[in-house]
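Note that my numbering has the sequence shown beginning at 88, numbered continuously upward. Backbone N, C-alpha and C define an ideal beta-carbon position, used for all residues, glycine too. Input: a single structure, listed below in structure tokens.
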Amino acid sequence: MNDLGHDNTTTSDGGMRTLLRALAWSGHGPGAPDTWPPELRVAVDLMLAARHPTLIGWGESAIVLYNDAYAELLGERHPAALGQPFSALWPDFWYEIGPLVGAVMRGENAHLDQRELAIPHEGRLRPRWFDISYAPLCSGDGKVAGFFHSAIDASERVLDERWRAFQLALATRLREVTSAHDITAAASAMIGAELGAARVMYAEPHADSHAEIQSGDFVVRSEWVRDDVPPVVGRHAHLDRFGPQLVALLRAGQAVVVRDVALDARSAASIASYERIGVKAMLALPLLKGNRLESVFSVQVDEARDWQEIDLRLLQDVAERTWTALDALRSHAALRDSEARLSAVFDSLPVGVGVTDLEGRMVLSNQAMQRYVPSGVMPSRDPGRIDRWRVLQADGTPLARSDFPGARALRGERVAPGIEAQYRDDDGVESWAHIGAVPIRDEHGKITGQVSVVTDIDRVKHAERLLRESQEKYRKLFEQMDAGFCIVEVLLGADGQPVDFRYLELNPMFNVQSGLRNARGRTALEMAPGLERFWIERIGAVAITGVATRFESYSEKLGRWFEVNASPLGEPGARQVALIFRDTTERHRTEDNLRRLALEDAEASRRKSEFLAVLAHELRNPMAPIRTGLEIMRLRADSPETIERVREMLERQTRQMTHLIDDLLDVARVTSGKIEIRKQLVDLNKVAASAVETSNPMIQGARHQLAVNMWNEPLLLDIDPTRIAQVLNNLLTNAAKYTPPGGQIALTVAKEGREAVISIVDSGVGIPLEHQATIFEMFNQVGRNMGLSQGGLGIGLSLVRQLVALHGGRVIATSAGVGQGSSFTVRLPLGVQAAPGQDEPVQPERRVAQRRSFRILVVDDNTDAAESLSLLLQLNAHEIRTATNGRDALIMAEEFMPDIAFLDIGMPGMTGFELAVRLRQIAGLGGMTLVAVTGWGSDEDLLHSREAGIDHHFTKPIAAETVSTLLSTIA
Ligand code: ADP
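Below you can see the structure in the form of structure tokens.
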């Protein structure tokens, strides 16, 4: 075997070299190797050394010699094929191969790429793809003696290309579809066609309930079938019905490959289920989520099939891509959902939100924002819209465009909380908005835009304004009202009971009405320590019960009356009470005064009636002795002694009556303000002396001892000496009256500081303490003079006090009590000028207001009228003349020089007006009083009277009262 055995390069010549040697000895073939031409030997060596299936065809009939790899391709036909003509080797393909062999024998190279051949493999045939080539083998003479043929397995490349192409197609297809159903349908159709399947199904757990998923009930969601295969889409069945072992694999996440359901032990028992849907062989792939079987992709064929690895790989791809696409779809749908939700929320936001780029263009904005930026550009960058916005700064100037929040945010500023601005809508209506803006930055911190938020705050502003207005109104009200106002917070103790309250708010009148200063922030007890608990309880109750109250009460502590309106404020928990109050002290004082005055009035009128009774008595008293005295004088005219005594008695009684009546008249004058005080500088000592002189008879009569202590030098006072003498006389007379006979009386004149002091002290009945204050009131007599009725009307002291007061002085009475004597002290201011000697002698008992008598002329043409008027006037002891005409009257007046003339107006000859004028022209009568007494009383007549210089105008008949009033005014 030197020719076939020296090839030391070959490694794969297992049996082939031996077989070739054997062949050499047989009768056919190329003969013994040593007879082979060298080119054949070289070719055989190469062939045997080749790893790919390689064959040599030699000679006319192309006797074949091949290597081990080729032997594998031939399967059972080897080794019989060795030494056979090539045409016998592939009879089925000779139509393809023959032309190639013809060509190579003509000296050309020939090849056939990717020829699919069913190659025996593990007892079965399996498709393989080969690149087949033929190259001519030439003999030494250059003729083609045979060919060199190799078949290189290109299956991997072919399958790979197929897989790639399928993947590309699948990806393209899946990209086109958008629904879950379309995805599974497209994927099923593609794999079905690719694998030449009868059916591809995509099954999922029956999704009605989780329990069913666990139970293994699956439904066919989507399906692809070959035209002649009945569909089963929508049907559902329990997985276990297809063989529990297979199902277990799926649940474990493993692929199921069944070549023949009838022969596979794992499915054979469930053959009926397979037959029902016409399945003979199948591939199935599970999808697990967690450890739950989510879905199954299955490729089925209606005849037994040797599934190739590529089939499973394609199915895996399809399944994976389907699931990925479904996942993407789901998450895309979820994303879309959440985006939709987000945009719904975004759009329904009550605030406008807008995101702009650096140029101020809106890149995102919600509905609310559209109103403000319809042009899609932020206002500060939009000259057409910026004037819609009005923003005033604190100083009242409009905000510059570059200071708008959006512009500031683009410069990197966070404009939060932002500014308030007024925005004018298309319809011209302005509303308030709040604008805030913040910059948006990328990951390097570079500003890429800004986001603005615009909030419509018009209603807030409106409410704010209303609130402000109402606050303002209330503030004004509280400030201007004249009542005190405050808001207090009631402070509670541990037991929940009010213990104090704090002033929170006060109005200006608070101070005035309460008398408290700077009370704000302080408590009632701080302001007025010891304030009555009543106030705190009463106001606290309002806070606790929430019930308003109104009351009036007196605070001893504050010394005031208060009328209070207390109302709860806010929630009960706030414990706040609004108080409106008034200081009513003045009103109470007035009321008290009125009450006292009413009492006093009643008392005065009681005293007045008493006085009248006393007056009647006092006047009647002297009448009896006077009448009796007169009777005695008539009867005993012969006895001068008796008459003298009676005359003294009569004088006394008359004096007493006169005194009484004078006092009465004086009181009346003082009361009506008509008393006349004629002040002059006099020495008080002298005035006192005159009073002593006047009262002496009375003092003597009662056998009192009178001590008189004058001031040792003249005490000059600017007084009416008559009146002051009257005062002292009254006091001395009282001392005499209210001292039992034989008592002591002392009169002292002294000087204390700028005052003269006269005191009259007696040892008499004294004055009970309770009467000392009221003794100077008119008609006041102490206990009917304690049995010492000396005659008197209870007006003397009243007169004393009033006269002293008229001189700017005062008088007081003191007494240690009943039976302890009394002391009356008069104080008078000293006179300013010291001019002794200028005083007139005092004329005691001279009445100033003695009635004047006038000379009166009555002129009336009616003699009766003239007569009656003159009678009326005569009653008042005037000197009267009458005339019946103007002429007589004028003559009479010149001689009579009347003080007053009563003139009738309507007289024949000369009227009263004319007469009046002419009377006044008489020398010395210019100042006389002219009175018209006439039947004429119109306004015109009155005017005439005035023009004629008439002083008074009366209509007839003139009343006696009118006449006396008239005369008293003239007096
Ligand atoms: P009259 O003496 O007319 O009653 P007065 O006004 O002079 O009235 O005096 C009022 C009263 O004051 C007297 O009624 C008497 O009760 C009391 N009174 C006045 N002077 C004295 C006095 N010197 N001693 C005690 N009581 C006096």
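8 angstroms Cβ shell around residue i - same chain, five flanking residues per side excluded
| i | result |
| --- | --- |
| Gly996 | Asn972, Gly973 and Arg974 |
| Val307 | Met288, Tyr289, Ala290, Val319, Val320, Gly321, Arg322 and His323 |
| Asp986 | Phe941, Arg942, Ile943, Met1015, Thr1016 and Ile1057 |
| Thr122 | none |
Own chain residues within Cβ distance below 6 angstroms of residue i, not counting five before or after
| i | result |
| --- | --- |
| Gln859 | Ala900 |
| Arg888 | Phe863 and Val898 |
| Ser654 | Ala635 and Ala665 |
| Leu1054 | none |
| Ala936 | Because the pLDDT of Ala936 is 36, which lies under 50, any placement of that residue in the model is unreliable, and the number read from its coordinates should be weighed accordingly. Cβ within range, chain order: n/a, list empty. |
Inter-residue spacing [alpha-carbon to alpha-carbon] between residue i and residue j
| i | j | result |
| --- | --- | --- |
| Leu684 | Leu717 | 48 angstroms |
| Thr672 | Tyr641 | 8 angstroms |
| Ile473 | Gly571 | 52 angstroms |
| Glu147 | Leu187 | 15 angstroms |
| Glu735 | Thr729 | 10 angstroms |
| Gln480 | Leu554 | 23 angstroms |
| Ile278 | Ser385 | 10 angstroms |
| Asp132 | Glu209 | 29 angstroms |
| Arg933 | Asp569 | Because the pLDDT of Arg933 is 35, which lies under 50, any placement of that residue in the model is unreliable, and the number read from its coordinates should be weighed accordingly. Distance between the alpha carbons of Arg933 and Asp569 is about 58 angstroms. |
| Pro595 | Ile574 | 13 angstroms |
| Val405 | Gln387 | 15 angstroms |
| Gly229 | Ala130 | 15 angstroms |
| Pro331 | Val245 | 37 angstroms |
| Ala953 | His1031 | 22 angstroms |
| Arg286 | Ser309 | 11 angstroms |
| Ile1045 | Ser955 | 10 angstroms |
| Ile477 | Leu436 | A quick correction: the sequence has Arg, not Ile, at residue 477. In a straight line, the C-alpha of Arg477 is about 24 angstroms away from that of Leu436. |
| Pro931 | Ser777 | Per-residue confidence for Pro931 stands at a pLDDT of 39, beneath the threshold of 50, marking its modelled position as unreliable; the derived number appears in the next sentence. The straight-line gap from Cα to Cα measures roughly 7 angstroms. |
| Ala431 | Ser425 | 10 angstroms |
Bridge-paired residues (DSSP) for residue i
| i | result |
| --- | --- |
| Met984 | In the DSSP output, where bridge partners are listed per residue, Met984 has none listed. |
| Gly571 | Phe668 |
| Ser846 | Thr835 and Thr912 |
| Ser654 | Ala665 |
| Pro485 | Leu479 |
| Gly233 | Trp145 and Leu224 |
| Phe698 | Answer is none; Phe698 lacks a bridge partner. |
| Ser642 | Arg647 |
| Gln537 | Thr443 and Pro526 |
| Phe989 | Val945 and Val1018 |
The ligand ADP heavy atom lying under 8 angstroms from the CB of residue i
| i | result |
| --- | --- |
| Ser696 | no |
| Val852 | yes |
| Tyr590 | no |
| Gly571 | no |
| Tyr641 | no |
| Phe911 | yes |
| Thr1059 | With the chain covering 88 to 1058 only, the question about residue 1059 has no answer from this structure. |
| Ser692 | no |
| Ser902 | yes |
| Thr826 | yes |
| Ser846 | no |
| Gly822 | Strictly speaking, residue 822 in this sequence is Ala, with Gly absent from that position. Correct: Ala822 has its Cβ closer than 8 angstroms to the ligand ADP. |
| Asn816 | no |
| Ser654 | no |
| Asp805 | no |
| Ile786 | no |
| Asp749 | no |
Heavy atom of the ligand MG within 8 angstroms of residue i beta-carbon
| i | result |
| --- | --- |
| Ile882 | Summarising the ligand content, the structure contains the ligand ADP and does not contain the ligand MG. |
Residues near residue i by beta carbon distance below 7 angstroms, same chain, minus five either side
| i | result |
| --- | --- |
| Ser360 | Arg328 and Phe329 |
| Ala520 | Ala508, Tyr510, Val541, Thr542, Asp543 and Ile544 |
| Ala273 | Arg260, Leu261 and Val264 |
| Gln454 | Asp434 |
| Ser226 | Pro124, Glu126 and Ala232 |
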